[in-house]
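>
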Amino acid sequence: MKFAALFRKISNNIDFSFIYDLVKDKYCENNGRPSIDPVVLFKMIFIGYLFGIRSEIRLIE
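Here the sequence shown is numbered in full-length UniProt numbering, starting from 1 and rising by one per residue.
(1) Span of the alpha helix (DSSP H) holding Asp-21?
(2) Find out if the Cβ-Cβ distance for the pair Val-23, Pro-38 is shorter than 9 angstroms.
(3) Where does Glu-29 fall in DSSP's three states?
(4) I need the boundaries of the alpha helix (DSSP H) containing Ser-11, first residue and last residue.
(5) My assumption, with CB atoms under 8 angstroms, is that Phe-42 sits in contact with Phe-3. Please give the rounded CB distance.
In structure tokens form, the structure reads like this:
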């Protein structure tokens, strides 16, 4: 349960919306499959870094 509290604190105190501006020219809005939200990808990497998770599969679990 302490992880949930940490994740809430991160979400409440860090505004990740700046990521959209950084990657807007990398995503096509009208061609191909829908993309994964870049903020979600960044948060996954950030959480992996905080907890020392090196495997993407382990991170998804």
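Quick reminder that beta carbons are idealized off the backbone N, C-alpha and C, glycines included.
Based on what the coordinates show:
(1) In the sequence shown, the residue the question calls residue 21 occupies position 21. Counting along the chain, the alpha helix (DSSP H) containing Asp-21 begins and ends at 18-23.
(2) Sequence index remark: in the sequence shown, residue 23 carries index 23 (1-based). Sequence index remark: in the sequence shown, residue 38 carries index 38 (1-based). Taking 9 angstroms as the Cβ cut-off, Val-23 and Pro-38 qualify as a contacting pair.
(3) Within the sequence shown, the letter at position 29 stands for residue 29. Coil at Glu-29, not helix or strand.
(4) Position 11 of the sequence shown, counted from the start, is the residue given in the question as residue 11. First-last of the alpha helix (DSSP H) with Ser-11: 2-13.
(5) Along the sequence shown, one-based indexing puts residue 42 at 42. Along the sequence shown, one-based indexing puts residue 3 at 3. Taking the Cβ atoms as the reference, Phe-42 lies roughly 18 angstroms from Phe-3, outside the contact range of under 8 angstroms.
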